[in-house]
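Visitor: First residue of the sequence shown? That's 1411 in the working numbering, and the numbers climb one at a time after it.
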Amino acid sequence: MGSGGALEVSGLVKRYGSRTAVDGLDLSVPQGTVTAVLGPNGAGKTTTVETCEGYRRPDAGTVRVLGLDPVSQAALLRPRIGVMLQSGGVYPGARAEEMLRHMAALHAQPLDVDSLSEALGLDSCGRTPYRRLSGGQQQRLALAMAMVGRPELVFLDEPSAGLDPQGRRATWDLVRELRGDGVTVVLTTHHMDEAEELADDVVIIDGGRVVAQGSPERLCRGGAENSLRFTGRPGLDLASLLKALPDNTAAAELVPGGYRVTGTVDPQMLATVTSWCAQNGVMPDRISVERRTLEDVFLELTGKELRS
Ligand code: ATP
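#1: From what residue to what residue does the alpha helix (DSSP H) around VAL1707 run?
#2: For GLN1576, which of helix, strand or coil comes out of DSSP?
#3: In chain order, what residues have a CB nearer than 6 angstroms to some heavy atom of ligand 1?
#4: Could you please give me the residues that DSSP links to ASP1616 through a beta bridge?
#5: What would DSSP say about ARG1586, mapped onto helix, strand or coil?
#6: Which value, in whole angstroms, describes the spacing of the CA atoms of ALA1727 and THR1684?
#7: From which residue to which residue does the alpha helix (DSSP H) around GLY1546 run?
#8: In the structure shown, what three-state DSSP assignment does ASP1533 receive?
#9: Please list the segments of the beta strand (DSSP E) lying wholly inside the stretch 1487-1516, counting only runs of 3 or more residues, in order along the chain.
#10: With a threshold of 16 other CB atoms inside 10 Å of the CB of LYS1455, please say whether the residue is buried or exposed.
#11: Among residues of its own chain, excluding the 5 on either side of GLN1623, which ones have a beta-carbon nearer than 6 angstroms to its beta-carbon?
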């Protein structure tokens, strides 16, 4: 097992009766980074996160959070981590601000409750009982409660689910601030843009195992190459274009007058293609670059859409 990571999971297995929800999962999260855990429904994300939070006991394997065992050393660990509570665990009559102040009081050096409420747009509903908060307000309160204790590591389960665009941006700003303060963030999400926007590292889980891990850029670069498309008159001699491009490049006329060049699409390739067009008296009506997105990578790896 690696050392020094804020979170180290090794060979984790978790079963519910005869169903294996997590099937030998390894995960290492460096301190001070943001890791996004992605996976189709039922992949085992929540189970993994709940096991790291100490709410579930592994059937096999080990979990270390800040070097501690989240089950047997829970009392030591709890004050140092932040967890987004599920609405099931909340007393429905409690008021939003009371809940947040209560949580703050449990920690030695909490954030300022008023500023946090304002940042998350909770200041207007501080006196509202939990059960009367809108879904988005409940979500933002859960987020506030996860971070108010100034945790060293925070687990965020779909932090922007159900939020409007403004709420999502506020949430993203907070995650960036946490990272800026050196906090380790582990979040689950169904949104690729959220992962691309926030994560240093993306972990894709399928069938209870990690099927890919890396920075969004690295995951998108691996495997299939990017492509450049342009339109011109039909029947252009692509052999002369290929001579000017690196060996790993391919070119094809997909439909009459519609061309695709596949390979390492960089400024040099674009320049070569456009100067070849100029030499051949071709004025492309359109040139476009197609990059693999995390969404494409996810689909290739799991065969599933991210949101089903
Ligand atoms: P989602 O994206 O839908 O939230 P997930 O990746 O978080 O999914 P988990 O909730 O960890 O996946 O579930 C993994 C598997 O374990 C699923 O097949 C699920 O039906 C099953 N499962 C989860 N919790 C329980 C439970 N308490 N009892 C029985 N089976 C469960």
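Glycine included, every Cβ here is placed at the ideal spot set by N, Cα and C.
Guide: Taking the coordinates as given:
#1: 1704-1712
#2: helix
#3: TYR1426, ARG1429, ALA1431, GLY1449, ASN1451, GLY1452, ALA1453, GLY1454, LYS1455, THR1456, THR1457
#4: ARG1619
#5: helix
#6: An answer regarding residue 1727 cannot be provided, because it is not within the stretch 1411 to 1718 covered by the chain.
#7: 1545-1557
#8: helix
#9: 1491-1493
#10: buried
#11: VAL1613
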